[in-house]
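First up is the structure itself, then whatever we jot down about it.
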Amino acid sequence: MVTFTGWEYRHWDAMLLLLADASLKYYTNKGVRATTVARDVFVDVQEGWESVFHSEKHELVEIWAEGKHLVALKLLLTSASKILKLNIEAENAATSLSSRIELKDASFNIVKIMVRFIYIGKVEPQLMVQRGIDIFLASHKYGVESLKALCEAEIVATQENWIKLLSAATDCDSEILAVKCADSIKRTMELRQENTTFFKRSFSESLDAPGQLFHGPGNSSS
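First residue of the sequence shown? That's 1 in the UniProt record's numbering, and the numbers climb one at a time after it.
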């Protein structure tokens, strides 16, 4: 990953600021806003449990990833995601096993976080900080829309995750995350410009500063 830090990357600042500012204007014109408040995900959780209650069905399904598995209520999974429902039905048609599903493109830990969310409607804050983008990618891939919305609201754009976050925003068509990233880049570049200007001014005004660094010919101090 490329990180734009330090004096050696100062030539990127103006370009990054320009691109971030243009992106923010584009999304603002579309009415897109960065949000830090998720929709009421507990409504989705309650609907899932209500469907289990009224159905009187408590069939379990094994969810496999990376050679490990956990067990969950089949109806909760199918209520939370049309994609998971289709995957379970496809597995059933192919193997006649309705109690098993394999998620080949996700880590077991992320799958466990996703299933836990389907049950209780929350992700621990520390997990969101550490694995938020990975959780977001999995929720998009497997169609858990309420978890995807929670990630969009709670993921924080930082200088360390700009590239991965922009890639995820593009791959998953998330304008909210794109706005968050552009806003973070703009604020960081503006702050860096302010600090650089202050450094130059302070250094050039110093009695020991070599004037030719920041003054044109003929303006250096004698």
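A virtual CB, placed ideally from N, CA and C, is assigned to each residue, including glycine. From a predicted model like this one, the values you see are computed outputs, not experimental measurements.
Which of helix, strand or coil DSSP assigns to residue i
i	result
histidine 140	helix
glutamate 102	strand
serine 81	coil
lysine 122	coil
glycine 31	coil
glutamate 91	helix
threonine 158	coil
cysteine 181	helix
cysteine 172	coil
serine 167	helix
serine 107	coil
phenylalanine 198	Because the pLDDT of phenylalanine 198 is 48, which lies under 50, any placement of that residue in the model is unreliable, and the number read from its coordinates should be weighed accordingly. Of the three classes helix, strand and coil, the one that applies to phenylalanine 198 here is helix, per DSSP.
Paired residues, beta bridge with residue i - DSSP
i	result
leucine 70	Ile63
Separation of residue j from residue i, as counted between CA atoms
i	j	result
threonine 5	aspartate 173	A caution first: threonine 5 carries a pLDDT of 47, below 50, which makes its placement in the model unreliable, though a value can still be read off. So the two alpha carbons sit approximately 28 Å from each other.
aspartate 183	alanine 157	8 Å
glycine 48	alanine 178	30 Å
valine 32	serine 23	11 Å
methionine 15	threonine 188	13 Å
lysine 30	alanine 20	15 Å
isoleucine 176	phenylalanine 53	35 Å
isoleucine 155	aspartate 44	20 Å
histidine 69	glutamate 62	6 Å
phenylalanine 42	serine 146	9 Å
Alpha helix (DSSP H) segment containing residue i, residue limits
i	result
valine 41	41-55
Residue i versus the options, residue with shortest Cα-Cα distance
i	options	result
cysteine 151	Val52, Phe117, Ala182, Gln159	Phe117
glutamate 56	Ala169, Lys180, Lys68, Leu73	Leu73
serine 66	Lys112, Arg192, Leu165	Looking at the sequence itself, residue 66 is glutamate, so the reference to serine does not match. Ranking Lys112, Arg192, Leu165 by Cα distance to glutamate 66 puts Lys112 first.
isoleucine 120	His69, Gln46, Gln130	Gln46
threonine 28	Lys180, Arg192, Ile133	Lys180
asparagine 109	Arg131, Ala80, Asn161, Glu160	Arg131
8 Å Cβ cutoff, residue i in contact with chain C
i	result
leucine 18	Judged by its chain identifiers, the structure shown contains no chain C, having just a single protein chain.
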